[in-house]
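To start, the structure under review is shown below, and the notes come after it.
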Amino acid sequence: MSKKKTRVTVELTRRDVLSLVGVATGSAVAAVVLTSGPLSPFAGLQREQVTAGQESAGHGATGVNHWGMVINLDSCIGCEYCLRACSAVNDVRTDKPWNIVVPEETTNGRPFYFSRPCLHCQVAPCVEVCPVKATSVRPDGLVVMDYDRCIGCRYCEVACPYDARKFNWETNTEVNPYIPTWGIAEEPRRPRGVVEKCTFCIHRIDAGLKNGLLPGVDPEATPACVNICPVNARTFGDLKDPESNVSVLIADNPTIVLREELGTRPSVYYIPPKEGL
Amino acid sequence: MAAIPLETKPVKFNPGLLAWMALIGLLLLVGLVSAIQVFWKGLVITNMSNTVPWGLWITIDLSSIALGAGAFTLSAIVYLLGLKNFKPIIRLAVFVGFIGYSTALLTLVMDIGRPDRFWHPWVYWNIHSVLWEITWCITIYLTIMLLEFLPVVTELKFFDRWPWVRQAANWLHNAAPALALLGLLISLLHQSSLGATYGILKSRPIWFKPSMPILFILSAVAVGPALTMAVAIVIEWITGKRTIAPDILQIIARFSGFGLLVYGYLRFWDVMATTYYGRTPSVVEGFTLLRESTPYNFSFWVLEILLGVVVPAIFFLVPYFNRRPPFLVLGAMMATFGVIVNRWNVTVSGLTVPLSYSPGTLYTSPVGSYFPSLTEWGVALGVIGYALLMLTLGVLFLPLFSKKEEHA
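So the sequences go chain by chain: A and B. First residue of the first sequence: 13, per the working numbering; consecutive thereafter. First residue of the second sequence: 4, per the working numbering; consecutive thereafter.
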């Protein structure tokens, strides 16, 4: 009798054991993948913590440099030279400039001028939503477009909090009125059906670095909008270099970034008007 | 083996059918002409703009996928809950689902700026993008529905000459429950993430809320089966053959009715939480703008809620109406229209509200305004023509209501 009893309690077949082992291994693998892989719900959080650790320096870029811009709203006179130089150098359509300049007003009703290139966010909503990784954040902080990969779904355009992206609804055949007065085209026109935006004149930065020039210091390696500004309202440089023009400006002046609460970590800092915003 | 049924039914081309086919042909012709225009001249001939870069076509995508949800909902009822009496409608549900999803893909190819690169999401992955996830889910789910439906196609007399095709199909048929479950998972994912497409955009005040994916999937689960039910009734009216037992259709209607009530309840709290109790200045500004410059209030309260949710729920749930098929069809039509208006409202209203990012007090991005162009309507008519053509061909030539399923 007792023998029979024991036999009943140990009714584990090889199949059971195997499936148990299988399930256990599977769960373990799933657990590891889910908590440590890119699928992890905490992956974003961890990245956030890492970037928060660098907060004292103020950058999120992973490379040696982090190219950024400081725009002084106090000195901007709204002449739109930046818009024109940008549109000439990058051969941008006149009806959807990459760089906008608009009249603004502080809460006290004092007028000032506001201008906006692409802010080159380090946690860029446009990069996060792109279904084909046609846009990405480079290690040096630039948000770049791959025009050969973009499928033209326009999700990035919808997701950008700063209205910085523009879609090519048709082939650009217009005569660019800003050429040659404000510069000559240094970049080919983008094809129909893809999204485009300000590049911080990436072609100048990359070529300049190759030739031993320093972006933000040497004009050949600096964005066109920065070079042309008659009142030096725009400054460009390496946010990671504490000696650079931009870092010194940020250290010496109160600065804001646009819609900081969204956590996009833009590379463009604004010095507000002296009277406050 | 048992899968060789088929009383052959010769299709008679009566004047009514011919007129119907002529109408479909006309729709397809309009669609074709419009499509050629779009491919030739580019998206510039649409009324979409950089302020409102999504419009009628996205509305069609979202709606047709939501309306195809009958396939996965009814599959879940049969295979997950084990309610076998609903099995006779599965074929039709999967067929309607397939039409919905392929319609969406067709429209999507028109809508993207580079149709030649439609395959990029399959090769270049960005797993952080909901749109990437949606593309994959839709691709996989369309394949699943195709596999689920292939056995039905192979029942055609045409395949008599290749017995191995039937055998393969039979094998596939046995895998139907597994396919249905896989499809269920995939559907749950992407029906919600279509809503998340909007819900995750933190810069858009009236979109950014966690209820978005839930509202999308609930409305799809509620209305999808109702559309399948209505299609079954209409097919019965036209062919004069009883296809699916009336009590089954009434239960589906009741299910949809309850689904609509649940959806309506959540929608109510969504509105209360975002625009009343927990309102933020940007949301209030957004809705004020919509109320003052667009017919949003009317289209939301009257078309979406009253005619799209409340009245259909009454038709589906009150026994007096539930017993009468015309009311069920009417209710399904209204609920379908409600879903379409909802997807339109979500898309266009969210884009109408401008972005505010300037540190000053004056400037916002331009206020959106959008009404589809003639070409956009033409493409829309074309894809409707495609859907109707598929449905008609299916009813004429495919054993959508095989007796076999009932005994299986």
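From the three backbone atoms N, C-alpha and C, an ideal C-beta is built for every residue, glycine too.
Residue i CB to nearest heavy atom of the ligand MN below 6 Å
| i | result |
| --- | --- |
| I220(B) | With respect to the ligand MN, the structure shown offers nothing to examine, as it has no ligands at all. |
Cutoff 7 Å: residue i Cβ touching any chain B Cβ
| i | result |
| --- | --- |
| T119(A) | yes |
| D175(A) | yes |
| V62(A) | With a pLDDT of only 47 at V62(A), under 50, the local geometry of the prediction cannot be trusted, and the value read off the model is given with reservation. No, V62(A) does not count as interfacial toward chain B. |
| S68(A) | Residue placement at S68(A) cannot be trusted, given a pLDDT of 39 that sits under 50; the coordinates are not used to answer. |
| R246(A) | no |
| V155(A) | no |
| G76(A) | Residue identity check: residue 76(A) is Val in the sequence provided, not Gly. So, not an interface residue. |
| P296(A) | In this structure chain A extends from 13 to 289, so residue 296(A) is not present and cannot be described. |
| L289(A) | yes |
| L46(A) | no |
| R201(A) | no |
| V114(A) | yes |
| S31(A) | no |
| E182(A) | yes |
CB contact check: residue i to chain A, cutoff 7 Å
| i | result |
| --- | --- |
| R120(B) | yes |
| Y366(B) | yes |
| V356(B) | no |
| F400(B) | no |
| R282(B) | no |
| W135(B) | yes |
| H131(B) | yes |
| E350(B) | First, the amino acid is wrong: residue 350(B) is Thr here, not Glu. No, T350(B) lies away from the interface with chain A (no Cβ there is under 7 Å from its Cβ). |
Residues that residue i contacts on chain A, provided the C-beta gap is smaller than 8 Å
| i | result |
| --- | --- |
| P56(B) | R166, E169, V170 and F179 |
Cross-chain neighbours of residue i in chain B, by beta carbon under 8 Å
| i | result |
| --- | --- |
| N274(A) | In the sequence as displayed, the identity of residue 274(A) is Leu instead of Asn. Result: K205 and S206. |
| P137(A) | L204, K205 and S206 |
| I268(A) | P362 |
| F124(A) | G363 |
| R271(A) | S206 and Y360 |
Amino acids of chain B, ordered along the chain, whose beta-carbon sits closer than 9 Å to that of residue i
| i | result |
| --- | --- |
| G90(A) | Neighbours of G90(A) on chain B: none; closest Cβ ~12 Å, over 9 Å. |
| A161(A) | Ala is not the amino acid found at residue 161(A); the sequence shown has Arg there. Simply R120, H123 and Y127. |
| R204(A) | G45, L46, V47, G116 and R117 |
| R277(A) | The premise fails here: R277(A) is roughly 13 Å from chain B at the closest Cβ pair, so nothing lies under 9 Å. |
Within chain A, partners of residue i - CB distance below 7 Å
| i | result |
| --- | --- |
| N53(B) | K108, E169, K178 and F179 |
| T138(B) | P143 |
Cross-chain neighbours of residue i in chain B, by beta carbon under 7 Å
| i | result |
| --- | --- |
| E186(A) | Correct list: empty, because the minimum Cβ distance to chain B is about 12 Å. |
| Y282(A) | P362 |
| E12(A) | What is shown of chain A runs 13 to 289, which leaves residue 12(A) out entirely. |
Per DSSP, the bridge partner or partners of residue i
| i | result |
| --- | --- |
| W2(B) | Shown here, chain B extends from 4 to 411; a query on residue 2(B) therefore has no answer. |
| K178(A) | E208(A) |
| Y282(A) | I83(A) and I268(A) |
| Y125(A) | P115(A) |
| V147(A) | Inspection of the sequence shows that residue 147(A) is occupied by Thr rather than by Val. Answer is M157(A). |
| D250(A) | W79(A) |
Where residue i falls, given that 16 or more other Cβ within 10 Å makes a residue buried
| i | result |
| --- | --- |
| L309(B) | exposed |
| K212(B) | buried |
| V104(A) | buried |
| R232(A) | The displayed chain sequence assigns Glu, not Arg, to residue 232(A). That one is exposed. |
| F75(B) | buried |
| A146(A) | buried |
| G227(B) | buried |
| E273(A) | exposed |
| G38(A) | exposed |
| N325(B) | buried |
| T276(A) | buried |
| H215(A) | exposed |
| G65(A) | Confidence at G65(A) is low in this model, with a pLDDT of 40, below 50, so its placement is unreliable and the value that follows should be read with caution. Looking at its Cβ environment, which holds fewer than 16 other Cβ atoms inside 10 Å, G65(A) is exposed. |
| E67(A) | Interpretation of E67(A) is limited by its pLDDT of 45, a score under 50 that renders its predicted location unreliable; the figure taken from the coordinates is listed afterwards. The residue in question, E67(A), is exposed, as its Cβ has fewer than 16 Cβ neighbours within 10 Å. |
| E287(A) | exposed |
| N77(A) | buried |
| L30(A) | exposed |
Quick one: any contact between the region 97 to 112 of chain B and the region 133 to 147 of chain B, if contact means 3 or more CB pairs under 8 Å? yes
Is there contact between the region 84 to 94 of chain B and the region 249 to 267 of chain B, where contact requires at least three CB pairs shorter than 8 Å? yes
Is it a yes or a no for the region 197 to 210 of chain A touching the region 173 to 180 of chain A, going by three-plus beta-carbon pairs under 8 Å? yes
Does the count of Cβ pairs from the region 374 to 389 of chain B and the region 43 to 63 of chain B closer than 8 Å reach three? yes
Could you say if the region 301 to 315 of chain B and the region 23 to 34 of chain B meet the contact criterion of at least three C-beta pairs nearer than 8 Å? Contact fails: fewer than three Cβ-Cβ distances are below 8 Å.
Does the region 92 to 106 of chain A come close enough to the region 232 to 242 of chain A that 3 or more CB-CB pairs lie under 8 Å? The region 232 to 242 of chain A, when compared against the region 92 to 106 of chain A, does touch it at the 8 Å Cβ threshold.
Is the number of C-beta pairs between the region 351 to 362 of chain B and the region 164 to 175 of chain A that are closer than 8 Å three or more? yes
So, does the region 259 to 270 of chain B touch the region 216 to 233 of chain B, judging by three or more C-beta pairs under 8 Å? As far as the Cβ criterion goes, the region 259 to 270 of chain B touches the region 216 to 233 of chain B, which means the pair count is three or higher.
Below 8 Å, how does it come out for the region 59 to 72 of chain B and the region 185 to 194 of chain B: are there three or more Cβ pairs, yes or no? yes
Stretch pair the region 148 to 165 of chain B + the region 118 to 138 of chain B: three plus CB contacts closer than 8 Å: no
Assess contact between the region 160 to 171 of chain A and the region 137 to 151 of chain A, defined as three or more Cβ pairs (one per stretch) separated by less than 8 Å. Is contact present? yes
Do the region 29 to 47 of chain B and the region 129 to 145 of chain A meet, that is, are 3 or more Cβ pairs less than 8 Å apart? no
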